[in-house]
Structures are given as C-alpha cells and as structure tokens.
Amino acid sequence: MTDQTATPRSFSASVPLKGRIAIPGDKSISHRSLMLAALAVGESRVTGLLEGHDVLATAAAMRAMGASIERSEDGEWRIHGVGVGGLLQPREALDMGNSGTSTRLLMGLVASHPITATFVGDASLSGRPMGRVIDPLGQMGADISASPGGRLPLMVRGLAPAVPLSYRLPMASAQVKSAVLLAGLNIPGITEVIEPVPTRDHSERMLRGFGAELDVEIDADGTRHIRIRGEAELKPQTIVVPGDPSSAAFFIVAALIVPGSDIIVTNVGLNPTRAGLVTVLQQMGGDIELRNARDVGGEPVADLRVRHSALRGIEIAPADAPSMIDEFPVLFVAAAFAEGRTVTTGLDELRVKESDRLAVMATGLAAIGVQAEESADGLAIDGSGGDPLPGGATIAGHLDHRICMSFAVAGLASRAPVTIDDIAPVATSFPNFETLLDQLQKDL
Ligand code: S3P
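Take 188 as the starting number for the sequence shown in the numbering used here and just add one per residue.
Rendered as structure tokens:
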C-alpha cells in the first residue's frame with residue numbers, strides 16, 4: 188500500500204556548502220525543560236526550545252496534565268507548573284506521535300502520581316519496546332497494561348505514594364534512567380539508578396538545576412550510582428537550551444563529504460555524554476575545529492568550523508557507542524566516503540530506535556552502491572575513498588527522521604539523486620533541516 192500523504196524528496200550532488208548556520212535546540216534538553224518546569228511551582232521561562240513534533244507532543248501532554256504552557260511571539264516559552272505530586276488526570280489518551288523520549292519519561296512521571304494515563308503513538312513508536320520502563324515502574328508500584336510485547340497503546344495507573352527502588356540498568360539507556368529518576372521525584376525516600384555504562388546526563392544536571400536533591404557516586408570501575416530524594420520541591424528556572432549535537436551531525440558530515448565545503452555550525456552542545464561523533468570524525472581525519480567554547484544553560488557549547496576532508500576508516504569501540512548513539516546512521520554515511528573499512532559493534536540498541544537502524548541503513552546503503560555488511564550488533568562499511576557514491580535509488584525512511592536526513596546527506600555527494608520516500612518525519616526533530624541546507628548551498 189502506498190501512503191498518499193507521503194512527501195518524497197530527492198537530494199543530488201551539491202555545490203560546496205559554505206556559510207554559517209545555527210542549530211536548533213537540543214531535543215533531550217527541550218523535553219526535560221518542559222517536564223521539569225511543569226512540575227515546578229511558579230513560572231519558568233525557556234528560550235531556544237526545539238519546536239519539533241516530538242517536543243510539542245511533550246508540551247501537549249504536560250498541558251493535558253494541568254501545566255500551563257505558552258509560547259510568546261519572540262519564541263520564549265513560559266510554563267506554570269503544578270508542583271511535584273500535582274499532575275492531573277488527563278481526560279484523553281496522550282498522543283506521543285513518534286517520540287520514545289516523551290513516552291518513556293512521561294510514563295515515569297505518571298507512575299508515581301495518583302492518576303491514570305493512556306499512551307498512544309504512530310506506527311514506529313507502537314513497534315518499540317516499553318518493557319524496559321514497565322519493569323522498574325511496575326516494581327515501584329505502578330500498574331501498567333500494555334499491548335502484546337510490552338508495546339503501545341498502553342495504560343499506566345500510577346500509585347502515590349509509590350515505592351522507592353534501587354535499579355540497575357540492564358541496557359545503556361538514558362530514557363530508562365530518566366523514567367526511574369522522574370518517578371522518584373514524587374516518592375518519599377531515596378530512589379537510585381545504577382548505571383554501569385554512562386549515558387547522557389541531562390536529567391541529572393537539570394534535576395539539580397531545578398533544586399532536586401540528587402547525588403552521583405562513581406565506583407572505581409566507572410559504575411554510577413545516581414540517587415534522588417523525593418518528595419522533591421522544584422523551583423522555577425530560566426533555561427537557555429543549547430543546540431542539538433545530534434542535529435548538527437548531519438551538517439558536519441555533509442561538509443566533510445561534499446568537496447570544497449567550509450562551514451561554521453554555531454551553538455553546538457558538546458556535553459561529553461553526547462560528543463562522541465565529533466571525536467570519532469576527527470580521528471577519521473575530519474577537519475573539525477572547535478571555536479568559542481563556552482557554557483550555555485549549564486552545558487558546554489562551541490561553534491564548529493568544518494571543512495571537506497579525506498576520511499579514513501576506523502574501528503569504533505562499543506564503549507564509545509552511548510556518547511554517539513543517535514549519530515550512527517550519519518556516521519555510516521561518513522564511513523561510506525572514507526578510505527578503507529569502518530567497523531562498528533555493540534550496537535544492539537540501534538535495532539530498537541525509531542526504526543531498526545542497522546537493517547535500514549544496511550539496505551539503504553547497498554541500494555546506493557555502498558558495500559555494507561550487517562552483523563548482529565553492527566555494520567562494517569567499505570568506503571569509496573572520497574569518490575562520489577553511485578546513488579540513484581529511493582530509500583524507505585520508515586518514519587525515522589535520522590534515516591531520512593542521513594540519506595539526504597549521502598545524496599549530496601552521489602552521482603545520481605538519492606530520493607527519500609517521505610521527508611516529513613524530519614520535522615520530529617529538525618523542522619528547518621531543508622531550509623538550513625538551502626542556506627549553505629546558496630552561501631547566505
Ligand atoms: C534520549 C535517549 C536515547 C536517545 C534518544 C533520546 C533521551 O535513547 O536515542 O534519542 O533524551 O534520553 P535511549 O535511552 O533509548 O538510548
């Protein structure tokens with residue numbers, strides 16, 4: 188069956204990318220800004236919020252549970268929170284669209300409030316596993332009935348007071364960590380998450396910033412014990428959201444592979460738990476220079492100057508995966524232009540993202556003429572040594588924004604156009620992706 192509403196778009200060999208672009212707000216930080224502000228008592232203000240569909244789904248859900256959330260004309264968001272413990276019963280199902288982060292974090296919030304909420308989502312989200320949050324939240328006392336396989340639609344019946352838990356993460360997931368910590372906000376006593384492999388730490392930084400009592404103890408082997416004390420009182424904040432490194436990634440790789448390119452990407456968040464791609468691309472020979480390093484909203488940020496470069500294949504250690512987990516699709520594209528072989532392993536988590544990113548990337552890359560070998564937990568890619576790719580195929584994006592943007596970037600250095608069957612999913616995380624690309628192609 189073909190989707191009548193799909194918007195296909197082709198991307199062809201590009202002129203050199205030139206000029207300067209600012210990257211929109213970080214998706215992870217934007218979700219958390221809305222959620223925590225909605226639980227504070229008083230008015231918080233947020234600037235630089237990512238206005239993509241995923242974050243707007245979080246805003247709608249927090250409104251449905253009692254918070255007042257408004258956007259002023261100058262783009263500032265004002266949020267009046269209900270206080271921890273004050274979430275109201277939503278009247279209708281919470282529509283999470285494509286957003287796994289909204290779903291899993293909000294399930295955590297609902298789990299320790301005396302309310303019931305039903306979560307629904309699109310076809311991609313409805314195929315993703317929620318058992319990873321159902322398990323700990325169930326142990327805390329929430330009653331969760333899910334569709335077969337622990338999937339959406341599902342209903343969370345919260346419990347207040349719920350039971351504090353010490354939970355060791357069975358997989359490296361910031362969403363699971365955050366769901367448990369957010370549930371802990373409204374549970375008397377200490378809730379602990381034990382994290383053997385560090386994942387993005389925005390929840391920890393922001394919970395502290397809002398005034399929660401949270402401490403982190405790190406064992407000799409690097410295992411983190413993150414403890415939050417409930418019932419917390421959150422104080423309203425003024426937040427400036429830094430630019431999203433996961434969005435910057437597409438233009439960084441585009442500039443590296445399109446001959447003659449020389450761009451500056453401003454406002455790129457470089458929290459060490461997120462900055463893995465930049466390091467790996469530099470190790471591959473990418474000319475990426477950090478300028479004007481500074482702090483925005485408690486997060487390290489810099490402007491990046493990126494120039495077309497000859498890349499070399501690399502072996503990426505599984506331990507490096509969490510700090511670039513969302514960047515593998517576009518890293519695979521960079522690898523397709525490198526001299527020699529790039530090998531990745533330990534990427535099982537990529538199979539349960541917005542699509543099975545290992546399978547979808549392997550199939551798509553093969554369709555545009557790249558040698559890509561899929562294993563159970565990674566891809567091995569033999570690069571072109573900098574030559575353009577053959578291109579000339581239509582790629583199924585599978586409702587996965589990052590797949591769509593990765594193949595768009597590949598098209599910019601391919602002999603024949605690369606067509607994305609539906610470009611609409613890009614708006615979940617990067618609504619002005621096409622506009623910024625246009626800008627770099629016109630050197631505005
Ligand atoms: C996110 C965590 C990651 C990431 C996602 C955003 C977050 O997911 O892939 O895009 O904001 O906590 P996992 O927790 O499933 O690794």
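Glycine included, every Cβ here is placed at the ideal spot set by N, Cα and C.
To which residues does DSSP link residue i through a beta bridge?
{"i": "residue 198", "result": "605"}
{"i": "residue 306", "result": "281, 341"}
{"i": "residue 559", "result": "568"}
{"i": "residue 232", "result": "265, 425"}
{"i": "residue 378", "result": "415"}
{"i": "residue 578", "result": "603"}
{"i": "residue 530", "result": "502, 567"}
{"i": "residue 319", "result": "In the DSSP output, where bridge partners are listed per residue, residue 319 has none listed."}
{"i": "residue 586", "result": "Partner(s): none; residue 586 has no beta bridge."}
{"i": "residue 401", "result": "415"}
{"i": "residue 546", "result": "Answer is none; residue 546 lacks a bridge partner."}
{"i": "residue 286", "result": "Residue 286 is not bridged to any residue."}
{"i": "residue 205", "result": "449"}
{"i": "residue 254", "result": "Answer is none; residue 254 lacks a bridge partner."}
{"i": "residue 334", "result": "338"}
{"i": "residue 227", "result": "421"}
Report, in whole angstroms, the separation of the C-beta atoms of residue i and residue j, which I expect to be a contact under 8 Å.
{"i": "residue 584", "j": "residue 609", "result": "6 Å"}
{"i": "residue 484", "j": "residue 528", "result": "With 8 Å as the limit, residue 484 and residue 528 do not qualify as a contact, their Cβ atoms being about 39 Å apart."}
{"i": "residue 524", "j": "residue 444", "result": "5 Å"}
{"i": "residue 212", "j": "residue 236", "result": "5 Å"}
{"i": "residue 240", "j": "residue 284", "result": "5 Å"}
{"i": "residue 515", "j": "residue 534", "result": "6 Å"}
{"i": "residue 603", "j": "residue 579", "result": "3 Å"}
{"i": "residue 230", "j": "residue 265", "result": "6 Å"}
{"i": "residue 450", "j": "residue 631", "result": "12 Å between Cβ atoms; not a contact."}
{"i": "residue 536", "j": "residue 512", "result": "6 Å"}
Taking Cβ to Cβ, would you say residue i is nearer than 8 Å to residue j?
{"i": "residue 271", "j": "residue 226", "result": "yes"}
{"i": "residue 548", "j": "residue 566", "result": "yes"}
{"i": "residue 434", "j": "residue 442", "result": "no"}
{"i": "residue 350", "j": "residue 327", "result": "yes"}
{"i": "residue 166", "j": "residue 275", "result": "The displayed coordinates of the chain run from 188 to 631. Any statement about residue 166 would go beyond what the structure contains."}
{"i": "residue 309", "j": "residue 586", "result": "yes"}
{"i": "residue 358", "j": "residue 223", "result": "no"}
{"i": "residue 390", "j": "residue 368", "result": "yes"}
{"i": "residue 385", "j": "residue 509", "result": "yes"}
{"i": "residue 210", "j": "residue 454", "result": "yes"}
{"i": "residue 295", "j": "residue 316", "result": "no"}
{"i": "residue 577", "j": "residue 598", "result": "no"}
{"i": "residue 356", "j": "residue 399", "result": "no"}
{"i": "residue 458", "j": "residue 423", "result": "no"}
{"i": "residue 477", "j": "residue 439", "result": "no"}
{"i": "residue 521", "j": "residue 198", "result": "no"}
{"i": "residue 329", "j": "residue 343", "result": "yes"}
{"i": "residue 248", "j": "residue 312", "result": "no"}
{"i": "residue 378", "j": "residue 415", "result": "yes"}
{"i": "residue 289", "j": "residue 234", "result": "no"}
{"i": "residue 383", "j": "residue 352", "result": "no"}
{"i": "residue 291", "j": "residue 380", "result": "no"}
{"i": "residue 430", "j": "residue 463", "result": "no"}
{"i": "residue 305", "j": "residue 335", "result": "no"}
{"i": "residue 606", "j": "residue 590", "result": "no"}
{"i": "residue 432", "j": "residue 461", "result": "yes"}
{"i": "residue 300", "j": "residue 345", "result": "yes"}
Under a CB-based cut-off of 8 Å, is residue i close to chain C?
{"i": "residue 624", "result": "Absent here is chain C; the protein component of the structure consists of one chain."}
Whole alpha helix (DSSP H) runs in the segment 429-491 with 4 or more residues, listed along the chain?
432-444, 463-470
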